[in-house]
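Engineer: Provided herewith is a single structure, encoded as structure tokens, for subsequent inquiry.
Numbering (the numbering used here), first residue to last: 196 to 497.
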């Protein structure tokens, strides 16, 4: 955590002093997503007992470059979707394509269906982390909680190391933020966390989706809303769950609610692993409540 706090402080001072990495929209804020790149790369290199971790280190650097280009030049949603599609194909190819789906106590493998499912899983959640990075603190808070949960699922201390860096950076990213993650941060963290959940083959897929409820439902409701309006699914708007909560309750209370949503989501996932499919209806109710925030709250009078 100290690395995140002091590293973020030094980065801020250098960037401000040299007038570098300022956000295009809010010049008073410094883009610092690259700070999270180092611990993620070190995580992969420390575990490089197989070619997979070396591959993921290279992919993370590539994703960071794409994010950097998007931050300063802009990249269309179609191009970003295409890049994550190619990255997902490479990962699945390296893993041998055969990744079973554990669901409701059964292990399912249907050729082509499984591959398409996991490809959409990877593409969807990597881009979902980019989508939720719309207000100060949302991305890092979500990532911090999910990284801590990954540690509980795997007992891999490296997840705590990355989480600690995220927690330290959150000091500078809490509203009103001086340091923002930008597309570099959202794509690096999104790729890292999504790939980690993707390879947890012993965890039922529904438990993984419950843990990822916030980015999952925010993305699904966004797609549904834009399609219902005959808009491009890549068209930006300010009706995401985090936008609604921040506008209605203020930035700090909104961030607290985002934290509680993510804690409740991983709590439901852990409960599912403990109790089993009998609590799945509770998870469906939870998803419906999250969807209601995006669909219903903006339509109510303030």
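We put the CB at the ideal spot given by N, CA and C, even for glycine.
What does the alpha-carbon distance come out to for the pair residue 383 and residue 344?
Structural biologist: Using only the alpha carbons, I get a separation of about 18 Å.
Engineer: Alpha carbon to alpha carbon, how far is residue 263 from residue 361?
Structural biologist: Whole-angstrom Cα-Cα distance: 19 Å.
Engineer: Looking only at C-alpha atoms, which of 462, 306, 341 and 274 sits nearest to residue 390?
Structural biologist: Nearest C-alpha to residue 390: 341.
Engineer: Using the DSSP secondary-structure output, state which residues sit across from residue 303 in a beta bridge.
Structural biologist: Residue 303 is bridged to 296.
Engineer: How about residue 237 and residue 284: are their beta carbons less than 8 Å apart?
Structural biologist: Cβ atoms of residue 237 and residue 284: not closer than 8 Å.
Engineer: Terminal residues of the continuous alpha helix (DSSP H) containing residue 460?
Structural biologist: 446-470 is the span of the alpha helix (DSSP H), which, as asked, contains residue 460.
Engineer: Given a cut-off of 8 Å, decide if residue 228 and residue 381 are closer than it, judged by their beta-carbon atoms.
Structural biologist: It is a contact, given that the beta carbons lie within the stated cut-off.
Engineer: Go ahead and label residue 483 buried or exposed: buried means 16 or more other beta carbons lie within 10 angstroms of its beta carbon, across all protein chains shown.
Structural biologist: When all chains shown are included, residue 483 counts as exposed.
Engineer: Are residue 320 and residue 286 close, meaning C-beta to C-beta below 8 Å?
Structural biologist: The answer is no: Cβ separation not under 8 Å.
Engineer: Using beta-carbon positions only, say whether residue 440 and residue 452 come within less than 8 Å of one another.
Structural biologist: Yes, these two residues count as a Cβ contact at 8 Å.
Engineer: As a quick exercise: from 356, 367 and 449, pick the residue whose alpha carbon is nearest that of residue 234.
Structural biologist: Residue 356 is the option with its Cα nearest to residue 234.
Engineer: So, at 6 Å on beta carbons, what are the nonlocal neighbours of residue 517 in its own chain, with the 5 sequence-adjacent residues on each side left out?
Structural biologist: Because residue 517 is not part of the residues shown, which for the chain are 196 to 497, the question remains open.
Engineer: Which partner residues of residue 278 appear in the DSSP bridge assignment?
Structural biologist: Answer is none; residue 278 lacks a bridge partner.
Engineer: What's the C-alpha gap between residue 303 and residue 371?
Structural biologist: In a straight line, the C-alpha of residue 303 is about 47 Å away from that of residue 371.
Engineer: Using C-beta distances below 6 Å, list every residue in its chain close to residue 429, excluding the 5 sequence neighbours before and after it, in chain order.
Structural biologist: Answer for residue 429: 272, listed in chain order.
Engineer: If you draw a straight line from the alpha carbon of residue 213 to that of residue 433, how long is it in whole angstroms?
Structural biologist: Legend: pLDDT at residue 213 = 49, less than 50; position of this residue unreliable, value from coordinates given subsequently. For residue 213 and residue 433, the distance between alpha carbons rounds to 32 Å.
Engineer: Which residue's Cα is closest to the Cα of residue 354: 477, 473 and 242?
Structural biologist: Here the closest residue by C-alpha is 242.
Engineer: Mind reading off the beta-carbon distance from residue 240 to residue 252? Whole number of angstroms is fine, and I expect it under 8 Å.
Structural biologist: Residue 240 to residue 252, Cβ: 6 Å. Contact.
Engineer: Using a Cβ-Cβ cutoff of less than 8 Å, which residues in the same chain neighbour residue 393 once the five nearest sequence positions on both sides are dropped?
Structural biologist: Answer for residue 393: 286, 294, 313, 316 and 317, listed in chain order.
Engineer: With distances taken between CB atoms, is the gap from residue 376 to residue 328 smaller than 8 Å?
Structural biologist: Yes, Cβ-Cβ distance for residue 376 and residue 328 is below 8 Å.
Engineer: Does residue 375 come out as helix, strand or coil in the three-state DSSP assignment?
Structural biologist: Note: residue 375 maps to strand in three-state DSSP.
Engineer: Residue 396 to residue 250, Cα distance in whole Å?
Structural biologist: Spanning the two alpha carbons is a distance of roughly 19 Å.
Engineer: Mind checking which residues open and close the alpha helix (DSSP H) that includes residue 331?
Structural biologist: From DSSP, residue 331 is part of no alpha helix (DSSP H); its letter is neither H nor E.
Engineer: Residue 406 lies in the alpha helix (DSSP H); which residues open and close that run?
Structural biologist: Looking at the DSSP string, the run of the alpha helix (DSSP H) that includes residue 406 is 400-406.
Engineer: Nearest-angstrom Cα distance between residue 417 and residue 305?
Structural biologist: Distance between the alpha carbons of residue 417 and residue 305: 29 Å.
Engineer: Give every residue of the same chain whose Cβ lies closer than 6 Å to the Cβ of residue 333, excluding the five residues on either side of it in the sequence, and list them in chain order.
Structural biologist: So the qualifying residues of the chain are 327, 437 and 453.
Engineer: Whole-angstrom Cβ separation of residue 464 and residue 402, contact assumed at under 8 Å?
Structural biologist: Their Cβ separation, rounded to whole angstroms, is 5 Å, which keeps residue 464 and residue 402 in contact under 8 Å.
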